[in-house]
Amino acid sequence: MTQYSILAAPAEHLLLEKNSEFLTFLHPIDSRDNAMAWVAHYRARYADANHVCWAYIIGNTRQPQTQAFSDDGEPGGTAGKPMLHVLTERELGNCLAVVVRYFGGVKLGAGGLVRAYSNAVSQAAGKARLRLISPSVELTIVVSFAFEARLRQLLQQYNAVLDNVSYSDKVRLSISLPQDAEPALREQLINETAGAALISTADSHAGV
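Sequential numbering from 113 applies to the sequence shown in our numbering.
Now the structure itself:
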C-alpha cells in the first residue's frame, strides 16, 4: 500500500444554487461513532434545515476501511452517493462531509441535486488541508553479532526506525519501516546472511 491522504483540519463552504443554501462541513474522523456524533451535532444545530446529508470515508479512499452515506430524505442517489464520490476522487480519507440544505423554493431536479451536492463538497474540498499517511510495518529481526553493524546500515538505507534492541546469544532488533520497503529489505537480509537472519512481522499500522 502506498501513501494516501487524509483530511488534516475542518473546512466549511456555502454554496447557493437557485435560492437553495448548501452549507458544507468537512471534519477529520477516525471511526463511525465519531462521524455520527458530528452528524447529530449538525442535525441539532440546524434543526430547521430541510435536509442534513452526509458521507464519510475512513482510511485510504482507494481501499477504505469503511464508508457510508445518507440522502436524508432527498431522492435516492442524489446527495450522499455523489458526496461520497467527491471524497473518493479528491482523496479525502478519514473525512466526514455534511451538507445542510435549506430549500429555496425552486426544485432542482435529480440531476441538479447531484450537481449541487457534488459541487458543495468539491468546493469545500478545495479549501481543505490534507496530510500524507505512509503505511508502515513492524518487524523483529534476529541476527548474529557479526552482522549487527551491516544490519544497522541497511536500516538507514531503507528509512527504518529502530524501536528496540536486545542482546543474548544473538542480536534482536525491533524496527518500523515503510511497508513498501519490506520486501526489498527481507530479500537483502536473506541474501547477505545466507538465510540465517530471522525476520518476523510484529504488527502493521499506518503512521505519518
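Cβ atoms here follow ideal geometry from the backbone N, Cα and C, with glycine treated the same way.
Residue i versus residue j: straight-line alpha-carbon distance, rounded
i, j, result
"PHE257", "ALA309", "11 Å"
"SER117", "HIS139", "14 Å"
"ALA232", "LEU119", "16 Å"
"LYS239", "LEU220", "25 Å"
"ILE311", "LYS282", "13 Å"
"THR305", "ARG262", "10 Å"
"GLN247", "LEU196", "The sequence given here places Pro at residue 247; Gln does not occur at that position. Going from the Cα of PRO247 to the Cα of LEU196 covers about 23 Å."
"ILE287", "GLY205", "27 Å"
"ASP142", "PHE259", "41 Å"
"LEU127", "ARG227", "11 Å"
"GLY189", "ALA222", "9 Å"
Beta-carbon spacing of residue i, residue j below 8 Å
i, j, result
"TYR214", "GLU133", "yes"
"THR178", "GLU203", "no"
"TRP150", "GLY192", "no"
"LEU212", "LEU135", "According to the sequence displayed, residue 212 carries Val and not Leu. In contact: VAL212 and LEU135 (Cβ atoms closer than 8 Å)."
"TYR270", "ALA293", "yes"
"TYR154", "PHE181", "no"
Per-residue burial, residue i [other beta carbons within 10 Å of its own, 16 or more giving buried]
i, result
"ASP183", "buried"
"GLY319", "Low per-residue confidence applies at GLY319: pLDDT is 42, beneath 50, and the placement is therefore not dependable enough to give any value."
"PRO295", "exposed"
"VAL218", "exposed"
"PRO194", "buried"
"THR313", "exposed"
"ALA209", "buried"
"HIS325", "Because the chain is modelled from 113 through 320, residue 325 falls outside the range shown and cannot be assessed."
"SER234", "buried"
For residue i: DSSP bridge partner residues
i, result
"GLN175", "ASN172"
"ARG276", "At residue 276 the sequence reads Asn, which differs from the Arg that was named. Beta-bridge pairing links ASN276 to SER286."
"SER312", "THR252"
"PRO140", "CYS207"
"TRP166", "SER182, VAL210"
Near the ligand GDP: residue i beta-carbon under 7 Å from a heavy atom
i, result
"LYS193", "This structure does not include the ligand GDP; it has no bound ligands of any sort."
is_contact[residue i, chain E] using C-beta, thresh 8 Å
i, result
"ARG298", "Considering every chain present, this structure includes no chain E. It has just one protein chain."
Note to self: Please give me, in chain order, every unbroken run of the alpha helix (DSSP H) with length at least 4 that falls completely inside the segment 189 to 268.
What the structure shows: The qualifying runs are 192 to 201, 221 to 237.
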